[in-house]
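Colleague: Dropping a structure here in structure tokens format, bear with me for questions.
Numbering (the working numbering), first residue to last: 79 to 348.
Rendered as structure tokens:
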């Protein structure tokens, strides 16, 4: 008889204990303490977001520059003095537009990991193609006039082959250290230095100075890219924005030189 009266009380006690444990667990869950691993992963993710957040002006300069390149490029092609000049100008402008457009797209957007990897590779590949394309008008026109078509074609093939090797490096070794990538840009960019005297004979000091100044600005930009220095305003305008600014200034110098060669000078080609 006594035990029959104890069963309901015991059941109630057990029920109360279970309810208390459930409420305690719910309280912990609401406070984020129920899963230490989950809480730790949230902290790590928050830290990564804080560290990896890019400056607000990242890519904005190049995103706008691509349209200026397109407009100026159409004028350049339209005013070219001959078919060879128009072809050289078209190659140069196509590469310049692609470089600034893909850079602006890649750096301003927030992409899924797979898209981010693709755009990163395209962005780095575009740098190599722009270097080779910038050489193209100078090799096809003044250097071809001075050194001959055979020598100029050989030089142009070597330059584009170097660019192709750089593109291959980008796709096969996408996470190469920045100093290595920067060094390959600089080496390709200065690869035709032995031909500067011939270029000087063909176009004069003004154009050569524009080409050389652009090369120096690109080289300084490569150093900034590799060293992350200077990094003036990380929230708005960091080291990468300094790099992009130097790239744009270098491109302006080279465009001015290309314009002189393609529009203002005649080398006797049809």
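Think of the CB as a built atom: it goes at the ideal place given N, C-alpha and C, for glycine as much as any other residue.
Can you tell me whether residue 315 is helix, strand or coil according to DSSP?
Modeller: Note: residue 315 maps to strand in three-state DSSP.
Colleague: Which word fits residue 232, buried or exposed, when buried means at least 16 other C-beta atoms lie within 10 angstroms of its C-beta?
Modeller: Counting Cβ neighbours within 10 Å, residue 232 comes out exposed, since fewer than 16 surround it.
Colleague: Return the first residue and the last residue of the alpha helix (DSSP H) that residue 199 is part of.
Modeller: Taken as a continuous stretch (DSSP letters only), the alpha helix (DSSP H) holding residue 199 covers 191 to 216.
Colleague: If you draw a straight line from the C-alpha of residue 194 to the C-alpha of residue 224, how long is it?
Modeller: Cα to Cα, the separation comes out at about 45 angstroms.
Colleague: Would the beta-carbon of residue 29 fall within 9 angstroms of that of residue 178?
Modeller: A query on residue 29 cannot be resolved here, the shown segment of the chain reaching from 79 to 348 and no further.
Colleague: Quick check: the stretch 186 to 200 against the stretch 157 to 165, are at least 3 beta-carbon pairs closer than 8 angstroms?
Modeller: Cβ pair count under 8 angstroms is below three, so no.
Colleague: Between the alpha carbons of residue 252 and residue 337, how many angstroms are there, rounded?
Modeller: The alpha-carbon atoms of residue 252 and residue 337 are separated by roughly 34 angstroms.
Colleague: Of all the options 170, 134, 144, 146, which has the alpha carbon lying nearest to the alpha carbon of residue 335?
Modeller: That would be 170, whose Cα lies nearest to the Cα of residue 335.
Colleague: Is the beta carbon of residue 277 sitting closer than 9 angstroms to the one on residue 286?
Modeller: Yes, these two residues count as a Cβ contact at 9 angstroms.
Colleague: With a 10 Å radius around its C-beta and 16 neighbouring C-beta atoms as the bar for buried, classify residue 244 as buried or exposed.
Modeller: Result: buried.
Colleague: Does DSSP put residue 331 in a helix, a strand or coil?
Modeller: DSSP places residue 331 in helix when its eight states are reduced to three.
Colleague: Using only the alpha-carbon positions, how far apart do residue 227 and residue 275 sit?
Modeller: Between residue 227 and residue 275, the C-alpha separation is close to 17 angstroms.
Colleague: What does a CB cutoff of less than 6 angstroms around residue 325 pick up in its chain, not counting 5 residues either side in sequence?
Modeller: If we look at residue 325 and ignore the five residues flanking it on each side, its Cβ neighbours are 299.
Colleague: Can you tell me whether residue 319 is buried or exposed? The criterion is at least 16 other CB atoms within 10 Å of its CB, across all chains shown.
Modeller: By the neighbour-count rule (16 or more Cβ atoms within 10 Å), residue 319 is buried.
Colleague: Please tell me whether residue 132 and residue 316 are closer than 9 angstroms, where the distance is taken between their beta carbons.
Modeller: It is a contact, given that the beta carbons lie within the stated cut-off.
Colleague: For residue 303, report the span of its alpha helix (DSSP H) as first-last.
Modeller: Note, residue 303: alpha helix (DSSP H), 283 to 305.
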